[in-house]
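Student:
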Amino acid sequence: MHSIGRAQTLKRPRIGITPDIVEGKVSLSRKYLDAVVQAGGLPVVLSPRPELAAEYVEACDGVVLSGGKDVIMEDWDLVTHDQARPVTRLRQDFERAMIAALESVPDQPVLGICLGMQLMGIEHGAGFDQHLPDKILTAGDHLDDAEHRIEGPEFNGSVTSHHHQALQDGGRLAVIARAHDGVVEGIADPDRKFYMGVQWHPERTPDENLGIRLFERLVTASR
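Quick note: the sequence shown uses our numbering, first residue 121, plus one each step.
Right, dumping it as structure tokens:
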């Protein structure tokens, strides 16, 4: 009995990861998979089927909403910026379906990254800047995997990000990190077990506390 219980304790939690869709093919950086494995999880790439979102949430122990291109703003009765490179309609529909399905399971651990974090915020009422160069002079600090500093109650250090869009606030979620220029870099729901979104890419951020540790926190919460 003791050996069976120990085996169950050591079992890797299943971490579902939403992929991108490029020219009709499912696409996902291996860095996401490697980070989940290194953190002690079992990565599962989710086929982008919005109608299966609730089943995916039930089957997985935790979820990563991965990065991608830009948000299609017509879903919120706004016009998509002319500098945007929107995600595919299927990708956005799938991400939104996953976020909606996760609302019915508040204890399900979730880590949103880049696009995933932005959609988490928008779906929780956050304002959204579609093109940072229209608003701030330091927009270049957030492009081309540039490293910049972030600060917050839990975070302090340099991160790697690549985005020209950003949340204006957290909406119904708490802002837990900002860049040096005030750009929102992290959001979370303090009332849920682990529901966090970050604007940077922890799967390729060298600082362990801002990189692999986030995946470790997700996996630990998913056990």
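Backbone N, C-alpha and C fix where the C-beta goes; we use that ideal spot for every residue, glycine too.
Quick caveat: nothing in here was measured; it's all calculated off a predicted structure.
Can you give, in chain order, each stretch of the beta strand (DSSP E) that sits fully within the segment 135-220 and has at least 3 residues?
Tutor: For the segment 135-220, whole beta strand (DSSP E) runs of length 3 or above, ordered along the chain, are 140-142, 145-147, 162-165 and 182-185.
Student: Please state if the CB of T325 and the CB of V295 are separated by a distance shorter than 9 Å.
Tutor: Mapped onto the sequence shown, residue 295 falls at position 175. Mapped onto the sequence shown, residue 325 falls at position 205. No, Cβ-Cβ distance for V295 and T325 is not below 9 Å.
Student: Compute the Euclidean distance between the alpha carbons of L185 and E305, then round it to the nearest angstrom.
Tutor: As a position in the sequence shown, residue 185 is number 65, starting the count at 1. As a position in the sequence shown, residue 305 is number 185, starting the count at 1. Distance between the alpha carbons of L185 and E305: 15 Å.
Student: Identify, in the order they occur along the chain, each residue of the same chain with its Cβ nearer than 6 Å to the Cβ of Y176, setting aside the five sequence neighbours on each side.
Tutor: Along the sequence shown, read from residue 1 onward, the residue named residue 176 stands at position 56. Within the same chain, Y176 has close Cβ partners G136 and L166.
Student: In angstroms, rounded to a whole number, what distance separates the CA positions of W196 and V225?
Tutor: Along the sequence shown, read from residue 1 onward, the residue named residue 196 stands at position 76. Along the sequence shown, read from residue 1 onward, the residue named residue 225 stands at position 105. Approximately 24 Å between the Cα atoms of the pair.
Student: Give me the residue from S342, R343, T340 and F335 with the minimum Cα distance to Y152.
Tutor: Walking along the sequence shown from the start, residue 152 turns up at place 32. Residue F335 is the option with its Cα nearest to Y152.
Student: Counting along the chain, where does the alpha helix (DSSP H) carrying A341 start and finish?
Tutor: Numbered from its first residue, the sequence shown carries residue 341 at position 221. Looking at the DSSP string, the run of the alpha helix (DSSP H) that includes A341 is I332 to S342.
Student: Use the C-beta contact count for G236: other C-beta atoms within 10 angstroms, 16 or more gives buried, fewer gives exposed.
Tutor: As a working note, residue 236 is residue 116 in the sequence shown. Under this definition G236 is a buried residue.
Student: The ligand NAP heavy atoms versus the CB of L338: any closer than 8 Å?
Tutor: The ligand NAP is not part of this structure, which contains no ligands at all.
Student: By DSSP's criteria, H268 is part of a beta bridge. Which residues make up the other side?
Tutor: Looking up residue 268 in the sequence shown gives position 148. The partner list for H268 (beta bridge, DSSP) reads V279.
Student: Can you tell which of R269, D254 and E194 has the C-alpha that lies nearest to the C-alpha of D327?
Tutor: Position 207 of the sequence shown, counted from the first residue, corresponds to residue 327. If we check each option's Cα against that of D327, R269 comes out closest.
Student: Taking the straight line between their C-alpha atoms, what separation do you get for G260 and D249?
Tutor: Taking the sequence shown and counting its residues from 1, the one referred to as residue 260 is at position 140. Taking the sequence shown and counting its residues from 1, the one referred to as residue 249 is at position 129. Annotation note: pLDDT 49 at G260 (below 50); position unreliable, coordinate value reported separately. Rounded to the nearest angstrom, the two C-alpha atoms are 15 Å apart.
Student: Classify D109: buried if its beta carbon has 16 or more other beta carbons within 10 angstroms, exposed otherwise.
Tutor: Residue 109 lies beyond the stretch modelled for the chain, which goes from 121 to 343, so this question has no answer here.
Student: Would you tell me roughly how many angstroms separate the C-alpha atoms of N329 and D140, rounded to the nearest one?
Tutor: In the sequence shown, counting from the first residue as 1, residue 329 sits at position 209. In the sequence shown, counting from the first residue as 1, residue 140 sits at position 20. So the two alpha carbons sit approximately 26 Å from each other.
Student: What does the alpha-carbon distance come out to for the pair D213 and A246?
Tutor: The residue labelled residue 213 in the question sits at position 93 within the sequence shown. The residue labelled residue 246 in the question sits at position 126 within the sequence shown. Their backbone Cα atoms lie some 18 Å apart in a straight line.
Student: If we count the other Cβ atoms within 10 Å of its Cβ and call it buried at 16 or more, is R211 buried or exposed?
Tutor: Taking the sequence shown and counting its residues from 1, the one referred to as residue 211 is at position 91. The residue in question, R211, is buried, as its Cβ has 16 or more Cβ neighbours within 10 Å.
Student: In the DSSP assignment, what residue or residues form a beta bridge with I233?
Tutor: The count along the sequence shown starts at 1 and reaches residue 233 at position 113. Note: I233 sits in a beta bridge opposite V318.
Student: Under 8 Å by Cβ, that's how I've got E323 and S149 pegged, so tell me the actual separation to the nearest angstrom.
Tutor: As a working mapping, residue 323 is identified with position 203 in the sequence shown. As a working mapping, residue 149 is identified with position 29 in the sequence shown. Rounded, the Cβ-Cβ distance is 7 Å, consistent with contact.
Student: So, at 6 Å on beta carbons, what are the nonlocal neighbours of E243 in its own chain, with the 5 sequence-adjacent residues on each side left out?
Tutor: Translated into the one-based positions of the sequence shown, residue 243 becomes position 123. Closer than 6 Å at Cβ, skipping near neighbours: I219.
Student: Which one or two residues does DSSP pair with L130 in a beta bridge?
Tutor: As a working note, residue 130 is residue 10 in the sequence shown. Answer is none; L130 lacks a bridge partner.
Student: Expressed to the nearest angstrom, what Euclidean distance is found between the alpha-carbon atoms of P253 and L130?
Tutor: Here residue 253 refers to the residue found at position 133 of the sequence shown. Here residue 130 refers to the residue found at position 10 of the sequence shown. Cα-Cα distance, rounded: 47 Å.
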